[in-house]
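Peer 1: Below is one structure. I have some questions about it.
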Amino acid sequence: VAQLQELPERTAWLLTSGDSVGLGTLAAPLDAAADVEQGTQIRRVPGRGLSLFATKDFDQGVAVLEDRPFFRRPSFGQLKKYHKLFSKTFQKQYEKIKAPLMLPGNSGTLQSFVFASPSMLRSAVAFASSSRLVQQMILELHHPRLDLAHPIVSIAREVAALCARTVPECAEVEAVLQRAILAIEMNIFTGESCFLTISRLNHSCFPNVVFVSGKRHFRSLKPIQAGQELLHSYLGRELLLPIELRRRHLWRSKCFQCDCERCAAEDDPLRAIACKRCAEQGQRWEVLHSPGVWLRSSPSVDSLQRCFLKTGTRLKALPQSEEGPSGWILVEAWPEPGSEDVKDTGWVLTDGRNLAPSINRMLCVQISEDGRQASDGFDGAAVPWSPGRAFWDLASLMLLPADEQNPVSPEEEDEEDAVARNALDGMPRGLELPAAAFESSDVPLAAFDGKSWRCPKCGRPPKNEEELQSVEPLLGRLAEKTFFSPSMTPALGSVQGGLRGSGSTLKMVKRSFVRRALELAATVSLVLGPQHWTVHWARLLVVDLYISKMSYAPLGARRVEMAAALFSGLEELWEWLASLWLAHNPSCFLVTRILEALRVAGAGSAFLLPPEIQTKARRLQSLVDNCEKQVDILPLRPLIIDGSISFQ
C-alpha cells in the first residue's frame, strides 16, 4: 500500500475480491495484472506505459477480453443535488473557459479554439462523489502530462479550479481533480463507463480488436497470435479520413500523435487522385454536326488542302485554339450564310464518351461563365457533358424539387452557403479531369506520399501540381464539414420514429445544404477523381438521403431509377472500402445501409424491379451474406430533406 502514488489523506483500505470490482487479481503485481487464463496480460512497455498483450492464440471474430466497468459517469439528470450550485455566475465563468488548439510541428499555427465541455463538469462531480477506492482506480488510469501544452489539459485545470470553488466535494479533492478529469476523459468508453483492464489497450488505426458495447467485450478483427499486443481504435467514422485528419482528431481529443502502421505508411490511399496526364491519353473526340471544314494552315502537296468532316468523325486530340491536329485550321461553315434563322448553329467537337441519346439533337454547346453548367444552344436544355457529374446531377434530380436544383443565388444563401461558394469560386480553373478518368479502368491513381502525388504508370507528378497542393486540402476541409455534419433545420430538429432497424431519430436537413453538398460533391469528383475520400463520403451522404426518401416519400415511377442509383452507389462504396485494406471489413460501414436499401427498394419482390436491378440487389445481398459483420461503426443516418414529406 505504501508504494501506491499520491494516496489521499485519511485513506482506509479493504481487501476484497478483484473480480467484484473489475480489477482482476488484487494481490498480483501491476505488471502481471489481468486474467492470464482468459488469454490476456498487462505488461509495462518502455515509453508507452502499460499495454495489453495476448497470452494465447485467438481466431478471427471471437471474444478476446471481457471486463466490468468500475465507474460510470452520471448524466446531469442524475446529479440533481448539485444543480443549485451551478448558478448563472458559475455558467458565465464556465462558458469563458477556452484554449487555443495548435497542431504539433505546425509552427504554432492556430487551428481553432477548444471550449470546456459539459462532460468535464460531470467527470469532476462524479469523481468527487465516488468512493476512495474508485477514485484511486481512476487516478491509476493513463492521462496526459499536466504540463503538456494542450488545450484539454489547460481546460481541465480551469474546470477543476472552478468546481473546487463551487462544489464542496470537489474542494476536498482539488489537488488531484485535474488528473481525475483527464483520466476519465481519456478512458471513457461507450456507455459512459471506465474499465480497469481494457483501458490498458493502446490505439491503432489498424487495430486487431474492436469493442462491442452491448456485450462489454472486445472481439478479434483478425487472427491474433500469442505475444501480440492487443490494439483497438479510439476513432469511429474518422477511420475513413486521411492520415493528416486522423492525427488531428486524435491530437485534439486524446492528446497524442498517432504513429501506427497506417499513419506511418509512405502512401495515403485515401488521398489518391486520378492521373490527369494518363487520362488525357485516352481521350477521343467526335464531330456532332456537319458541315465542318478543316483547312491546311500552310500549303501542302502531300495532303488535301481542304477536308470536310462529317458527323461521327473521331479525332484523337482536341484542337488548340483555332489550330486542328496536324496543322489544320478549324472553319465553321454555315448552311445559309447571313440567315437569321441559323445564326446560332454550327458544329462542335465534344468528348465521344459523353454522348447521350439527347445530345444527338444538339447544334451548339453553351458553357456557363463559371464552367459548371452545359446547355444545348438550340433549346437551352441541360446537357450531361461530364460523366464526373452524372451521379450528382441524378441525385439533384431525385432529391430536390425542379425549382431548387440550380445553385443557390447570392440573395438566398446563408453564411455556410457563402463560405462554400467563395471557396469554390476562388479555385483556379482548368483543374477538371477529362472524361476518361471516370469511364476507363485503365486510368491509374496517383498516390500521395506525404508531400505530393506520383503516378505509378507515368511516374510524373500531376498537372497543375502547385494549384492542387492548395485546392485538395481546401476541398477536404469543406467535405469534412459538409458530409460529416449535415446542416440541421433549426425549426424542426429531429422527429421521433426513424427508419426501421436504424435505432435513430429522423433528422431534417436543409434544402440549401443538399444543393451545396451536391455541388461540392461534383467539384471534388471533377478535380480529384472518383476514388478520393471526399467523393466517397459524399456518396455515403447521398445513399443515406436516398434510403430515407424511399422510406418516407412517394416516388412513383422514379422508385426504380432511384433504386438503381442507390444500389450502384452502395456497390462502389463497398469496392472502395475493400481496396483500402482496413482492419474492419466493409460491412462495418455498410451492412445496415445495404439491408435497409434492399428493404425499401422492394428487392424481394421481383415484379417491382427490372431484372438488371434485381441482379444488383442479389450482388449486394451476397456481399452481406459472405462477410461476417464485426461491429456497426457508421450506422445509417436517417436524413429527410426539409419539406419533402408531411407528417400527419
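Positions 574 to 1221 (our numbering) are the ones given, in order, by the sequence shown. Glycine included, each C-beta is placed from N, C-alpha and C at the ideal position. Note that the structure is a prediction, hence the values are computed from the model and not measured.
Output the residue ranges of the alpha helix (DSSP H) runs that lie fully inside the region 723-773 and measure 4 residues or longer, sorted by chain position.
Peer 2: Counting whole runs of 4 or more residues, the region 723-773 contains the alpha helix (DSSP H) stretches 724-739, 741-745, 747-760.
Peer 1: Exposed or buried, what is V635 when buried is set at 16 or more other beta-carbons lying within 10 Å of its beta-carbon?
Peer 2: V635 comes out exposed.
Peer 1: Which residue from F626, R1210, T770, A1137 puts its Cα closest to that of S1058?
Peer 2: That would be R1210, whose Cα lies nearest to the Cα of S1058.
Peer 1: Count the other CB atoms within 10 Å of the CB of P1029; is the residue buried (16 or more) or exposed (fewer)?
Peer 2: So P1029 ends up on the exposed side.
Peer 1: Should G1032 be labelled buried (16 or more other beta-carbon atoms within 10 Å of its own) or exposed?
Peer 2: Exposed is the call here.
Peer 1: Within 10 angstroms of its Cβ, does W965 collect 16 or more other Cβ (buried), or is it exposed?
Peer 2: Classification for W965: buried.
Peer 1: Assign T1165 to buried or exposed, taking buried as 16 or more other Cβ atoms, counted over all protein chains shown, within 10 Å of its Cβ.
Peer 2: It counts as buried.
Peer 1: Take the Cβ of F827 as the centre, count every other Cβ of all protein chains shown within 10 Å, and call the residue buried at 16 or more, exposed below.
Peer 2: The residue you asked about is not Phe; residue 827 is Lys in the sequence shown. Label assigned to K827: buried.
Peer 1: Suppose you measure from the CA of C751 to the CA of V732; what does that come to, to the nearest Å?
Peer 2: A quick correction: the sequence has Gln, not Cys, at residue 751. Taking the straight line from one Cα to the other gives about 8 Å.
Peer 1: Closer than 8 Å by C-beta to E853: which residues in its own chain qualify, once you throw out the five before and the five after it? Chain order, please.
Peer 2: P1007, A1009, listed in sequence order.
Peer 1: Within the continuous alpha helix (DSSP H) that includes T613, where are the two ends?
Peer 2: Counting along the chain, T613 falls outside any alpha helix (DSSP H), though it belongs to the beta strand (DSSP E) covering 613-618.
Peer 1: Tell me the start and end of each unbroken alpha helix (DSSP H) in the region 1175-1201 that is at least 4 residues and wholly inside, in chain order.
Peer 2: Listed in chain order, the complete alpha helix (DSSP H) runs (minimum 4 residues) inside the region 1175-1201 are 1184-1198.
Peer 1: Give the straight-line distance between the Cα atoms of S777 and V726, rounded to the nearest whole angstrom.
Peer 2: The alpha-carbon atoms of S777 and V726 are separated by roughly 22 Å.
Peer 1: Which runs of the alpha helix (DSSP H) spanning at least 4 residues fall entirely within the region 991-1061, listed in chain order?
Peer 2: DSSP runs (the alpha helix (DSSP H)) wholly in the region 991-1061: 1009-1012, 1038-1057.
Peer 1: Exposed or buried, what is W1154 when buried is set at 16 or more other beta-carbons lying within 10 Å of its beta-carbon?
Peer 2: Burial call: exposed.
Peer 1: Report the three-state DSSP secondary structure of Q684 (helix, strand or coil).
Peer 2: Looking at Q684 - three-state DSSP - the assignment turns out to be strand.
Peer 1: So A993 packs on R1089, CB below 8 Å; how close in whole Å?
Peer 2: With 8 Å as the limit, A993 and R1089 qualify as a contact, their Cβ atoms being about 5 Å apart.
Peer 1: Bridge partners of F791, per DSSP?
Peer 2: DSSP lists L638, F784 as partners of F791.
Peer 1: Under 7 Å, do S766 and R645 count as touching if we go by C-beta distance?
Peer 2: It is a contact, given that the beta carbons lie within the stated cut-off.
Peer 1: Mind checking who A689 pairs with in its DSSP beta bridge?
Peer 2: According to DSSP, A689 bridges with nothing at all.
Peer 1: If you reduce the DSSP assignment to three classes, tell me which class L843 lands in.
Peer 2: Note: L843 maps to strand in three-state DSSP.
Peer 1: Using the rule of at least 16 other Cβ atoms within 10 Å of the residue's Cβ for burial, across every protein chain shown, is K849 buried or exposed?
Peer 2: K849 is buried by the Cβ-count criterion.
Peer 1: Going by DSSP in three states, R825 sits in which element: helix, strand or coil?
Peer 2: Helix at R825.
Peer 1: Please check if any C-beta of chain D sits within less than 7 Å of the C-beta of Q1187.
Peer 2: This model lacks chain D altogether, as it is built from one protein chain only.
Peer 1: To the nearest angstrom, how far is it from the Cα of Q614 to the Cα of E1201?
Peer 2: The straight-line gap from Cα to Cα measures roughly 28 Å.
Peer 1: Could you tell me the distance, in whole angstroms, from the CA atom of I1206 to the CA atom of Q801?
Peer 2: When rounded, the distance between both Cα atoms is 24 Å.
Peer 1: Q633: buried (16+ other C-beta within 10 angstroms of its C-beta) or exposed?
Peer 2: With fewer than 16 Cβ atoms within 10 Å of its Cβ, Q633 is classed as exposed.
Peer 1: Have a look at W1026, L1048, G1049, P1046 and flag the residue whose alpha-carbon is nearest the alpha-carbon of E1038.
Peer 2: Ranking the options by Cα distance to E1038, first place goes to W1026.
Peer 1: When you compare only the Cα positions, how much space is there between G1049 and T1107?
Peer 2: Distance between the alpha carbons of G1049 and T1107 is about 6 Å.
Peer 1: When DSSP labels each residue in this structure, what does L714 get in the three-state scheme?
Peer 2: Three-state result, L714: coil.
Peer 1: Could you check which residue in V1173, L674, F659 has the C-alpha nearest to that of R695?
Peer 2: R695 has its Cα closest to that of F659, out of V1173, L674, F659.
Peer 1: Would you mind sorting D1117 into buried or exposed? The rule is 16 or more other CB atoms within 10 Å of its CB.
Peer 2: D1117 should be labelled buried.
Peer 1: Would D1215 and M1123 qualify as a contact pair, given that the criterion is a beta-carbon distance under 7 Å?
Peer 2: It is not a contact, given that the beta carbons lie outside the stated cut-off.
Peer 1: Going by beta carbon distance, what residues of the same chain come within less than 7 Å of V1115, once the five residues before and after it are set aside?
Peer 2: Excluding positions up to five away in sequence, the list reads A968, G1142.
Peer 1: Is E1012 near the ligand GDP, judged by its Cβ being under 6 Å from some heavy atom?
Peer 2: The ligand GDP is not part of the structure shown, which contains no ligands of any sort.
Peer 1: Tell me whether E834 sits in a helix, a strand or coil according to DSSP, three-state version.
Peer 2: Of the three classes helix, strand and coil, the one that applies to E834 here is coil, per DSSP.
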